[in-house]
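Q: Our numbering puts the first residue of the sequence shown at 113, with every later residue one more than the last.
Note that beta-carbon positions come from the ideal geometry of N, C-alpha and C, so glycine has one too.
This structure is a prediction, so every number in the text was calculated from the model and none was measured.
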Amino acid sequence: DVPADLPRARAWFQQAAQAGIAEARYRLAIMQSQGDGGEVDRDAALFGMESLAAEGYVPAYLPTAVLYAHLPPQPDTGALGADHLAKVYLWASAARARLRDPALLDATAQLLANVLAVMPSAWQPGLDRQVADHLAKFAAPGTALNPNRAPNASPGV
């Protein structure tokens with residue numbers, strides 16, 4: 113049995129992430145968000161995860177939404193800021209369209225229900241267009257945008 117060396121693993125993921133390897137960038141962001149192998153660095157985790165999501169890396173969609181959902185609330189309202197609330201909706205909606213794992217879809221549905229309970233309904237059409245544009249940008253060439261053809265993904269959150 114080989115003992116886990118999380119600091120060393122984090123260092124290796126950091127090197128591979130700097131080389132642009134998506135899986136390493138993803139794993140590093142997970143480690144940063146959880147404090148595995150070093151200090152918790154939510155800002156770096158969110159930046160790394162959202163960068164991957166913006167590049168169409170499906171496993172990063174739900175973790176990006178979750179990271180935004182867990183940001184500190186606005187001190188004056190006690191709620192997420194408008195920008196963060198919109199980001200939760202955007203990335204959770206993208207996750208809903210691409211994920212196939214039932215447990216992850218349930219988590220996504222619950223997250224979206226929580227957002228929709230507080231998000232102004234007037235935002236939804238514009239945000240839905242942004243999601244559709246993003247998904248279309250990363251649809252397989254020559255295929256219609258069809259969420260049933262998307263690969264399985266497991267974001268590990």
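Using a threshold of 7 Å, state whether the C-beta atoms of Ala206 and Val243 are closer than that.
A: One-based indexing of the sequence shown puts residue 206 at position 94. One-based indexing of the sequence shown puts residue 243 at position 131. Yes, they are a contact pair.
Q: Smallest Cα separation from Ala226: which of Arg122, Ala198 and Ala123?
A: Here residue 226 corresponds to residue number 114 of the sequence shown, with the count starting at 1. For the record, residue 226 in the displayed sequence is Asn; it is not Ala. Closest option to Asn226, Cα to Cα, is Ala198.
Q: In terms of residue numbering, what span does the alpha helix (DSSP H) encompassing Gln242 cover?
A: Locating residue 242 in the sequence shown gives position 130, where the first residue counts as 1. Segment Gln236 to Lys249, the alpha helix (DSSP H) holding Gln242.
Q: With DSSP run on the structure shown, which of helix, strand or coil describes Leu140?
A: Locating residue 140 in the sequence shown gives position 28, counting from the first residue. Correct three-state label for Leu140: helix.
Q: Rounding to the nearest angstrom, what Cα-Cα distance links Glu135 and Tyr173 in this structure?
A: What you label residue 135 is simply residue 23 of the sequence shown in a count that begins at 1. What you label residue 173 is simply residue 61 of the sequence shown in a count that begins at 1. The alpha-carbon atoms of Glu135 and Tyr173 are separated by roughly 14 Å.
Q: Can you tell which of Pro175, Ala209 and Pro119 has the C-alpha that lies nearest to the C-alpha of Gly149?
A: Sequence index remark: in the sequence shown, residue 149 carries index 37 (1-based). Nearest C-alpha to Gly149: Pro119.
Q: Do you know how far the Cα of Ala177 is from the Cα of Met329?
A: This structure gives no information on residue 329, because the portion of the chain shown stretches from 113 to 269.
Q: Report, in whole angstroms, the separation of the C-beta atoms of Asp191 and Pro185, which I expect to be a contact under 8 Å.
A: As a first step, residue 191 must be located in the sequence shown, where it is residue number 79. As a first step, residue 185 must be located in the sequence shown, where it is residue number 73. Looking at the sequence shown, residue 191 is not Asp but Ala. Contact flag correct, Cβ pair sits at about 5 Å.
Q: Run the CB neighbour count on Glu167, radius 10 Å, all protein chains shown included, and call it buried at 16 or more, exposed below.
A: The count along the sequence shown starts at 1 and reaches residue 167 at position 55. Exposed, since its Cβ has fewer than 16 Cβ neighbours within 10 Å.
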